[in-house]
Amino acid sequence: MRLTRGELKQLAGPVVVGLVLTLGGAALVWSAGEALRSGQRHFAAAQAERRQNTERLARIAEEEREVKEKIDLYQRLKQLHILGEERRLEWADAMARIRKERELLDLRYTVERQRLLTSVAARPGNIDFYASTMKVDLALLHEEDLLRFLADLRESGNAYYAVRKCGLMRTGQAVSGAGMTPRLRADCEIDLITLVDPAKK
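Okay, so the sequence shown: first residue is 1 according to our numbering, each after it adds one.
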């Protein structure tokens, strides 16, 4: 079927309109797809930023918890007078008080020179650990007297008391009715540990 020139002119308008609508529809589809892809990119970026913020907040909360633990530990060590220079006068006072309160028959001790501990694992910050070894010779009536002495020593503070070794031996002395006779002697080595910040020395 052949179309006349007039019929072609009549069809030209609708054809152009159809082409324009088709192109416009294609442009709308492409634009909608591009908007969707852009939205997905923004959504992914927002999710990534939210994850980063959540992780950052978790790190801050963990750091705050660690700082609080360290402050609590510092305050506890400060209360026990473990921080700072060694306190030999206070140690002597504590030994005299324990001997009197526990009515120990004989208590002799010497404290060696302070030394730097170089094998401390997980050393916090710039803190240095120092130890002075106390050698103790005790006359005892019962084994429990030694345990009470060590507990009293720890409670006295002014250092952290780490017992390296303790030996008990019988004296072989017969119990007399005239007075209390020690049945045991204890020989102990105790490290008196203090913590020092070199920057504050």
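Where is the CB? At the ideal position from N, CA and C, for every residue including glycine.
- In this structure, DSSP gives Met95 a helical state, which the three-state scheme calls helix.
- DSSP, read as helix, strand or coil, puts Asp128 in strand.
- Annotation for Ile82: Gly157, Asn158, Ala159, Tyr160, Ile193, Thr194, Leu195 place their beta carbon closer than 8 Å to its own, counting only its chain and skipping 5 residues before and after.
- In the three-state DSSP reduction, Ile82 falls in the coil class, being neither helix nor strand.
- Counting only runs of 3 or more residues that sit fully inside the stretch 40-66, no beta strand (DSSP E) segment turns up.
- In the DSSP assignment, Arg115 forms a beta bridge with Ala131.
- Spanning the alpha carbons of Leu57 and Glu64 requires a straight line of approximately 10 Å.
- For the pair Ile127 and Pro182, the Cα-to-Cα distance works out to about 43 Å.
- According to the DSSP assignment, Ala151 belongs to the alpha helix (DSSP H) that extends over 143-155.
- Under DSSP, the beta-bridge partners assigned to Gly167 are Asp187.
- DSSP lists Asp137 as the beta-bridge partner residues of Arg108.
- DSSP, read as helix, strand or coil, puts Ala162 in strand.
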